[in-house]
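In what follows, a single structure is set out as structure tokens and then discussed.
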DNA sequence: CTCTTGATCTTCT
DNA sequence: GAAGATCAAGAGC
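Residue numbers (my numbering): 10 to 205.
Laid out in structure tokens, this is it:
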């Protein structure tokens with residue numbers, strides 16, 4: 010087995026207050042940040058913004074048992090079941106009642122790659138976390154994590170270090186409000202769910 | 001490479 | 001009963 014390169018240095022820990030502003034300010038600032046769950050994870054390279062004022066958001070029709078966390082304050086985790094089989098993870102943004110969030114869609118694996126390969130049953134690093142359902146499986150995220158805070162274990166989030174270029178485009182896999190350019194990604198990354 | 005399909009949970013009609 | 005913020009496997013080109 011080839012040795013993995015050393016994991017990159019981490020930036021400063023992001024606190025809950027990081028999320029208490031517009032989802033469109035948070036979204037580009039999260040590209041390049043590092044997400045870890047029990048020490049396993051990587052660099053966020055792709056995400057999408059959702060807001061209760063547009064019909065693609067789960068919160069558009071008001072609170073339900075599933076989306077209740079979205080209606081709380083920013084800085085917490087919203088996990089939902091997708092197509093009956095996958096889990097998808099969101100970070101809630103803005104103030105309580107704003108019901109906005111970013112869907113984490115892809116990571117560049119950097120920490121705990123062996124654990125991710127084991128959970129995914131795959132060796133190819135580029136396929137470990139290149140999609141919203143894939144990365145939750147790789148990090149071990151399930152409904153048990155719904156409602157947890159992002160700045161408290163098992164979660165840890167670290168600011169990016171240095172400059173990057175953020176790409177934007179239309180969101181993937183939706184039919185309502187499909188024209189909004191609310192997909193954000195790390196320009197040129199090899200770990201996206203799809204190229205921009 | 002693209003296209004199709006099955007898996008089967010939660011919400012809405 | 002249908003649709004959905006998905007993925008992997010298999011068929012066909």
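The C-beta atom is built at its ideal place from N, Cα and C for all residues, glycine as well.
I'd like to know whether the C-beta atoms of residue i and residue j end up nearer to each other than 8 Å.
{"i": "residue 137", "j": "residue 124", "result": "no"}
{"i": "residue 23", "j": "residue 167", "result": "yes"}
{"i": "residue 65", "j": "residue 185", "result": "yes"}
{"i": "residue 111", "j": "residue 58", "result": "yes"}
{"i": "residue 28", "j": "residue 97", "result": "no"}
{"i": "residue 46", "j": "residue 150", "result": "yes"}
{"i": "residue 84", "j": "residue 165", "result": "no"}
{"i": "residue 205", "j": "residue 178", "result": "yes"}
I need the boundaries of the alpha helix (DSSP H) containing residue i, first residue and last residue.
{"i": "residue 142", "result": "141-148"}
{"i": "residue 32", "result": "32-39"}
{"i": "residue 123", "result": "122-129"}
Once the 5 residues before and after residue i are set aside, which same chain residues still bring their CB inside 6 Å of it?
{"i": "residue 152", "result": "88"}
Classify residue i: buried if its beta carbon has 16 or more other beta carbons within 10 angstroms, exposed otherwise.
{"i": "residue 105", "result": "exposed"}
{"i": "residue 61", "result": "buried"}
{"i": "residue 115", "result": "buried"}
{"i": "residue 94", "result": "exposed"}
So residue i is in the beta strand (DSSP E); what residue range does that whole segment cover?
{"i": "residue 176", "result": "175-178"}
{"i": "residue 192", "result": "192-195"}
{"i": "residue 165", "result": "164-167"}
{"i": "residue 55", "result": "49-60"}
{"i": "residue 90", "result": "86-91"}
Beta-carbon within less than 8 Å of residue i's beta-carbon, same chain only, minus the 5 sequence neighbours each way: which residues are those?
{"i": "residue 175", "result": "37, 40, 193, 194, 195 and 196"}
So, do the segment 45-52 and the segment 69-80 have three or more beta carbon pairs nearer to each other than 8 Å? Output reads no: the segment 69-80 does not touch the segment 45-52.
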